[in-house]
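So the structure is just underneath, and the comments pick up after that.
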Amino acid sequence: MTFGNVLPPPKFDLTPEEMFAKAAYILELAKDGIYEITSSVEPEEATFENVIIPIGHVENQLSYEIEPLSILESVSPSAEIRKAASKAVKTAQEAWELIYDNEELFLLIDAVKHQRPAGLDEESRRFLADLHSECVEKGLNLPEAEMERYSEIRHRKYELHSEFVANLATDPGVVWKSDAELEGLSKSKLESFPADEQGRRRIPLHRTNADAIMRQCTNEQTRRDVWAAKESVYPENAAYFRETVLLRDEAARLLGFSSYNHQLVRRRMMKSPEAVMNLLRAMETKLKPLVKMEMNALRELRGDGGPIHFWDFAYYDSQTLKGRNVNSDVVAEYFPADFVLGRMLGMFEKLFQLEISEVADIKDDEVWHPDVKVYKVSELGGVFVGYLYMDLYPREGKYNSSADFNIRPSYIDREGRYVPSATALICNVTPPTKDTPALLHHSDVITIFHELGHGMHDLMGRTRYAKYHGWRGRRDFCEAPSQLLEFFCWLPQTLKLMSCHYSYLSEEYKQQWERMNPAAAKQPEKQIPEEMLSALIAAKNVNSAIWTARQVGLSIFDMKVHNPSSHEELEGLDIAKEYYTSITEATGLQGPEDEATLGNGYSTTAHFMWGQEANYYSYISTRILAADMWNTCFRDDPMNPETGLRYRQMVLDKGGSVDEANMVAAFLGREPNSDAYLEEIGVEDVAK
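In the UniProt record's numbering, the protein residues as written are 1 to 688.
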């Protein structure tokens, strides 16, 4: 195996015609690769070496070619390119069907599986088992009559997915509000919204804007209006989602599973729907006393004894923090985005023994937008690892949340060479204004650290097959490494290291700060002051039980739509009502009195449609794993490079190539448990 191959960055200046040609090429690549296998091997001659390894090479190549197209669907500034990319990706994805929906190839895979070949490493055993399961889940064992219906369902699901994702990349719309209606917003945030001739401000419904209003605006009606608007974006997606969950359930039952969740979870860490629900109900029970305490405190802060609504929680949570001398806007002044990112990357360099440097001479066609920065990641000593892209600021048509997107997977090619990866951090933090650089709220710092965790996982994976590269393991584990890294964002030494008041970045910013403050005002300390830092850290678990209970509620909703007791039950389910009711029952937060005004929050992001469908519980289960790994291995000496390297080699490098439960147990030196997580959010203190 050869490491250190330096590949040039991919090109992102493809025309629609070039993307369509690329999609056609990808299909031919799959056809030729599969035909080479099926035309030369009979079932009685099938072996791991002449069937499974060649399939692995074909899969590796397909991932390598498809991923650069996929990201353009979500980030290109051109609506024409996004639409063309969506169409091209839809065509290219048909290549996977040539593998998993190929009866002739399945006969060969099935023959190898029943041989139970000896001498395979764990990754190869997993690859064979998963390959066989994926073919079975395409319906290749079904009778012909059922197979026809199953094929119809699959093709319709692909169409619905494409339409849903394409909608998420469209303009979410705007609301208009006067300055009086936006009372409480910081000056910089208020002025980021352009005003019309009547003085009304145009507020695009991007997540960062809605979040700022939810947290800062004193006007409850404005908060309610913005909440209702943001919960109702992409209305077509509600119908797409409903049809999708019904088709998922029908297809799972055709395959002999009791539900879609049952179909998926059997190849995950949790193994069964019952295990998932047991975890969620146990967490719900343990959280209730603390949730009740936190909710009573919020009602007291509200002052009139009224309920805390969905649109109230973030505001009163913010007020609680201010009562603890934590002003998130003032804190943000100490975390200018570019400075923070530089320090974050330096921490990753030390912890994981890497070298990370910005590519200064990046060409226009090697990024999809001028805002994008590209970094070269290498081992100490210079061996090339891959490229890290950063695209931080919102714009029209861009994916409207935060995520890590793979651009190139890594794997071992036919010549035994390690193919380095490329990965992209996509965020939507508040951009620079005319007076200040981009400033990160502490929650933004956590989000970026989290997504960079996915990026590091993506870059450091060392697997034979692209299928298991980086975070491509069992989906109820892949969030754990990033959630572990969030703990660094609460360490005094880390926050000090990442802080620098923006007025120290340049003389120009200093002068801007002076113009925005009273003449007698003294320039703030350069690093975040000790008293502010102490207050911020002390407030870490403010309302953490409500936040956690909300995740439990969303997980229960996910199970209700993906693990119904019968198909008829799902057909009769009011999905919108179930979504908001699940949150209310878990948290005590109230929705609109008129259920007719409920939105479609479940279909305004990709989570339940693509990415975390039948898997949302993993946001809880992986936090349990993350807290245990942090508490056991990192807490006492967080930046110890020996611990970082051990974690990298035993967890990150493995990707999804080994059993995750065994991998975590080996790293911990014992089986994981929830003690550290419950202690972290304060549940054990209430129990005492």
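C-beta atoms are modelled at their ideal positions from N, C-alpha and C, and glycine is treated no differently.
With 16 other Cβ atoms within 10 Å as the buried cut-off, status of residue i
| i | result |
| --- | --- |
| V6 | exposed |
| K688 | With a pLDDT of only 47 at K688, under 50, the local geometry of the prediction cannot be trusted, and the value read off the model is given with reservation. Classification of K688: exposed, given that the 10 Å Cβ count is below 16. |
| N673 | exposed |
| M19 | buried |
| G455 | buried |
| E123 | buried |
| A314 | buried |
| I537 | exposed |
| Y677 | buried |
| A251 | buried |
| A480 | buried |
| L380 | exposed |
| R648 | buried |
| R266 | exposed |
| Q61 | buried |
| P235 | exposed |
| T605 | buried |
| H155 | exposed |
Contact check, residue i vs residue j, beta carbons under 9 Å
| i | j | result |
| --- | --- | --- |
| K230 | G599 | yes |
| P564 | S259 | yes |
| L459 | V377 | yes |
| D365 | H441 | no |
| R500 | I446 | In the sequence on display, residue 500 carries Cys and not Arg. Not a contact, by the Cβ cut-off of 9 Å. |
| I412 | R464 | yes |
| L27 | E94 | yes |
| N543 | E294 | yes |
| E680 | N631 | yes |
| N325 | E525 | no |
| A92 | T15 | no |
| D171 | E358 | no |
| P437 | L495 | no |
| R408 | P394 | no |
Bounding residues of the beta strand (DSSP E) (the contiguous stretch that carries residue i)
| i | result |
| --- | --- |
| T604 | Careful: T604 lies outside any beta strand (DSSP E) and carries neither H nor E. |
| M390 | F384 to D391 |
| K177 | V174 to K177 |
| I356 | L354 to E358 |
| S378 | K373 to E379 |
The alpha helix (DSSP H) enclosing residue i, as first and last residue numbers
| i | result |
| --- | --- |
| G305 | Premise fails: G305 is in no alpha helix (DSSP H) and is neither H nor E. |
| K31 | P16 to T38 |
| K87 | A79 to Y100 |
| D13 | From DSSP, D13 is part of no alpha helix (DSSP H); its letter is neither H nor E. |
| Y579 | I575 to T587 |
| I203 | First-last for I203: R201 to P204, but that is the beta strand (DSSP E), not the alpha helix (DSSP H). |
| Y234 | Counting along the chain, Y234 falls outside any alpha helix (DSSP H), and DSSP gives it neither H nor E. |
| S328 | S328 to A332 |
| V75 | I53 to V75 |
| R215 | R207 to Q216 |
| Q263 | Y260 to V265 |
| residue 696 | Examination of residue 696 is not possible in this model, given that the chain is present from 1 through 688 alone. |
| M629 | S618 to M629 |
Through-space distance from residue j to residue i, alpha-carbon basis
| i | j | result |
| --- | --- | --- |
| P10 | P370 | 15 Å |
| P194 | E73 | 28 Å |
| A88 | D404 | 21 Å |
| I153 | L290 | 44 Å |
| M344 | R670 | 31 Å |
| residue 691 | E49 | Here the chain covers residues 1 to 688 and nothing more, so residue 691 does not appear. |
| R302 | M347 | 41 Å |
| W547 | E415 | 49 Å |
| V664 | K31 | 39 Å |
| A422 | L69 | 13 Å |
| M516 | K187 | 10 Å |
| E181 | G453 | 39 Å |
| L160 | S603 | 12 Å |
| T47 | I109 | 9 Å |
| P143 | L107 | 15 Å |
| S232 | L185 | 23 Å |
| R248 | P638 | 43 Å |
| A129 | G33 | 21 Å |
| R223 | C217 | 7 Å |
| A535 | S318 | 13 Å |
*Ordered list of beta strand (DSSP E) runs contained in the region 109 to 188, each at least 3 residues*: 174 to 177
*Any chance you could list the beta strand (DSSP E) runs of at least 3 consecutive residues sitting entirely within the region 394 to 467, in chain order?*
Counting whole runs of 3 or more residues, the region 394 to 467 contains the beta strand (DSSP E) stretches 403 to 408 and 421 to 426.
_Continuous beta strand (DSSP E) assignments of at least 3 residues falling wholly in the region 463 to 549_ = none
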